[in-house]
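In our numbering, the protein residues as written are 2 to 452.
Now the structure itself:
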């Protein structure tokens, strides 16, 4: 199988551009994977609306199942199964699953009943057997991951969530949960690796990313990104005190496939999902809303009482550098909020930058409430612009091109062999070359925005 070239031919780039422009002349390649089903077509239409136009009154409470299973003892299989992860060791023990030296293998086995259940209700966990590399685990829980943009059924290339300790007290070298992203919205299959690397280099704690080849019932489902989960394991690796509240800021999807963006706006705080911590009836979230609603003359100083604003500006500036259109600042989406017990303030963290490196990201028109408040105040806006400059300097020294080259070389043969990818092999390689150009030219491009 071909290795990824260092420099792609103009013919490869032309093929990628031709495929996208012919099939999607109005939108181009960035929207290719969003329009592969009626659900993604709905999302593309709704993206044109303002957040106010698509916020809806909740028809009912969220019906996502939250079944808790009894914990069973781990049987002695004679094969290594690492259990009872110690928090102090998490960083060292989990790092091997997110390096770029190897593509891991995840072999899942589902019963006929489990397969039928995932077709009928893809977001409810089912039992499965899992072998990860050479480690055989006790039965794990699996469900389909992704919604309007990346949702695929088992007949396609579904993204997957795997909960290792739902049924048994076990983990995989310290990992309790696994995210396998299908990369159907990442035409280069390297967006997440580079984007998260920059967030972490800037000092905004974010997941790590590796790669995994997935098989289900013996059938190749292809290459997936393996993205670290925001959970208590991640918190223990990231914060001295991991006992605070962690909230999911992704949009809320209603049973009728309408959806609502979630923000500190006085209307949607009840839709934040509490992933870790104690239910406080959104009191911590509403504290941020109260400061925003007060509308003080110095939003940075006011908000810094309840939000780590220096960290927030770094996250926002990194989203801007990356062209992360589907993140918090520019789409009220894909972020996490952690309230650090050390000072009670919120820390925002990024999520799901598969649709980063999008040149049309409206950098001077933020929609996230925190970003909008800051942009509207000249002094805070200048602090943001200065932070963009600092992020650019960090990006220059972060070796992003080397990270991209390492990832591209690692996955080249797997890209070619992937039977379920939604882009041609040439298109993937050309998209990687476009990403290289972005890294080289981003500082110059940002000057057009006055950043």
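Yeah, the Cβ is synthetic: ideal placement off N, Cα and C, and Gly gets one too. Fair warning: this is a prediction, and the values are worked out from it, not measured in the lab.
Proximity of residue i and residue j at Cβ, strictly below 7 Å
| i | j | result |
| --- | --- | --- |
| residue 148 | residue 164 | no |
| residue 174 | residue 94 | yes |
| residue 327 | residue 352 | no |
| residue 151 | residue 186 | yes |
| residue 101 | residue 407 | yes |
| residue 202 | residue 433 | no |
| residue 233 | residue 277 | yes |
| residue 386 | residue 314 | no |
| residue 342 | residue 245 | yes |
| residue 358 | residue 235 | no |
| residue 180 | residue 111 | no |
| residue 388 | residue 330 | no |
| residue 333 | residue 262 | yes |
| residue 222 | residue 215 | yes |
| residue 390 | residue 335 | no |
| residue 416 | residue 316 | no |
Alpha-carbon to alpha-carbon, residue j and residue i
| i | j | result |
| --- | --- | --- |
| residue 64 | residue 128 | With a pLDDT of 31 at residue 64, under the threshold of 50, the modelled position of this residue cannot be trusted; read the value that follows with caution. Spanning the two alpha carbons is a distance of roughly 20 Å. |
| residue 377 | residue 362 | 18 Å |
| residue 414 | residue 224 | 10 Å |
| residue 200 | residue 350 | 9 Å |
| residue 428 | residue 422 | 11 Å |
| residue 182 | residue 109 | 15 Å |
| residue 367 | residue 138 | 45 Å |
| residue 192 | residue 323 | 9 Å |
| residue 265 | residue 248 | 12 Å |
| residue 382 | residue 194 | 29 Å |
| residue 116 | residue 445 | 50 Å |
| residue 320 | residue 301 | 19 Å |
| residue 254 | residue 107 | 29 Å |
| residue 375 | residue 443 | 23 Å |
| residue 166 | residue 141 | 7 Å |
| residue 267 | residue 449 | 35 Å |
| residue 270 | residue 208 | 24 Å |
| residue 220 | residue 405 | 29 Å |
| residue 98 | residue 105 | 8 Å |
| residue 307 | residue 170 | 37 Å |
| residue 392 | residue 280 | 35 Å |
| residue 447 | residue 228 | 28 Å |
| residue 397 | residue 384 | 20 Å |
| residue 411 | residue 283 | 43 Å |
| residue 372 | residue 360 | 19 Å |
| residue 394 | residue 96 | 26 Å |
| residue 430 | residue 154 | 26 Å |
| residue 458 | residue 403 | This structure gives no information on residue 458, because the portion of the chain shown stretches from 2 to 452. |
| residue 113 | residue 120 | 11 Å |
| residue 69 | residue 168 | A caution first: residue 69 carries a pLDDT of 30, below 50, which makes its placement in the model unreliable, though a value can still be read off. The alpha-carbon atoms of residue 69 and residue 168 are separated by roughly 9 Å. |
| residue 176 | residue 159 | 21 Å |
Proximal residues to residue i (C-beta, below 6 Å), its chain only, five neighbours per side dropped
| i | result |
| --- | --- |
| residue 241 | none |
| residue 340 | 245, 246, 285 and 347 |
| residue 126 | 142 and 144 |
| residue 231 | 337 |
| residue 304 | 292 and 310 |
| residue 370 | 264, 265, 266 and 293 |
| residue 197 | 207, 208 and 210 |
| residue 156 | none |
| residue 364 | 321 and 450 |
| residue 134 | 105 and 106 |
Sequence-distant residues of its chain with Cβ nearer than 8 Å to residue i (five each side left out)
| i | result |
| --- | --- |
| residue 498 | Outside the shown range of the chain, which is 2 to 452, sits residue 498, and nothing can be said about it. |
| residue 312 | 204, 205, 348 and 349 |
| residue 436 | 189, 191, 192, 195, 358 and 405 |
Identified DSSP bridge partners for residue i
| i | result |
| --- | --- |
| residue 117 | None; residue 117 has no bridge partner. |
| residue 211 | 227 |
| residue 187 | Partner(s): none; residue 187 has no beta bridge. |
| residue 160 | 146 |
| residue 181 | 161 and 227 |
| residue 109 | 131 and 217 |
| residue 338 | 248 and 349 |
| residue 323 | Paired residue(s): none; residue 323 is not in a bridge. |
| residue 104 | 212 |
| residue 176 | 173 |
Closer than 6 Å: residue i CB and nearest the ligand SAH heavy atom
| i | result |
| --- | --- |
| residue 191 | As presented, the structure is devoid of all ligands, the ligand SAH included, so that no description of it is given. |
Proximal residues to residue i (C-beta, below 7 Å), its chain only, five neighbours per side dropped
| i | result |
| --- | --- |
| residue 289 | 265, 307, 308 and 347 |
| residue 420 | 221 and 223 |
What ranges does the beta strand (DSSP E) occupy inside the region 124-156, keeping only unbroken runs of at least 3 residues that lie completely in it?
127-133 and 141-146
Where are the beta strand (DSSP E) runs, 3 residues long or more, that stay fully inside the region 344-432, in chain order?
347-351
Contained beta strand (DSSP E) runs [length at least 3] in the region 226-312, N- to C-terminal order:
247-249 and 274-277
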